[in-house]
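This report concerns only the one structure given below.
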Amino acid sequence: MQTTLEKEIRQFVLSTISDDMNHPLDADTITDDSPLGTGGIDIDSLSLIELVLRIERRFGVKFPDTDFEPVGAMNLGDLVDDVIKRGATA
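The numbering of the sequence shown is UniProt numbering, which starts it at 1 and goes up by one.
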């Protein structure tokens, strides 16, 4: 069962990608197992950096510069878990 914070992070990520980055998403096919990069949601490296920066501001977490690239290899569920482990606050 998902916590409220998990749902909030997931919704923020998906709405940021679709609304703010104008990257169309098919909500019916996106799952926690959907890769953020190639073969899944398919956001490019610059968009991943923008997404990470927005997550940092919204949830009060910090991704060191060396952690930006691995985000592209994550799936949606991994990113949500990672943000929580970094101490996300609502």
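All C-beta atoms in this analysis are idealised placements derived from N, C-alpha and C, irrespective of residue type, glycine included.
Here the structure is a predicted model, which is why all the values come from computation and not from measurement.
#1: Using the three-state DSSP reduction, which class does PRO70 fall into: helix, strand or coil?
#2: Below 7 Å CB to CB, which residues in the same chain sit around GLY72 once its five sequence neighbours on both sides are set aside?
#3: Which residue comes first and which comes last in the alpha helix (DSSP H) that contains LEU76?
#4: Anyone know if the C-beta pair for ARG58 and PHE12 falls short of 8 Å?
#5: Taking the beta carbon of ALA90 as the centre, do at least 16 other beta carbons fall within 10 Å, making it buried, or is it exposed?
So, to answer that:
#1: Here residue 70 is taken as the residue at index 70 of the sequence shown, counted from 1. Helix at PRO70.
#2: Here residue 72 corresponds to residue number 72 of the sequence shown, with the count starting at 1. Result list for GLY72: LEU36, GLY37, SER45 and LEU48, in chain order.
#3: Locating residue 76 in the sequence shown gives position 76, counting from the first residue. Residue range 76–85 is occupied by the alpha helix (DSSP H) that includes LEU76.
#4: Counting from 1 along the sequence shown, the entry for residue 58 is found at position 58. Counting from 1 along the sequence shown, the entry for residue 12 is found at position 12. With contacts defined as CB atoms closer than 8 Å, ARG58 and PHE12 qualify as a contacting pair.
#5: Walking along the sequence shown from the start, residue 90 turns up at place 90. It counts as exposed.
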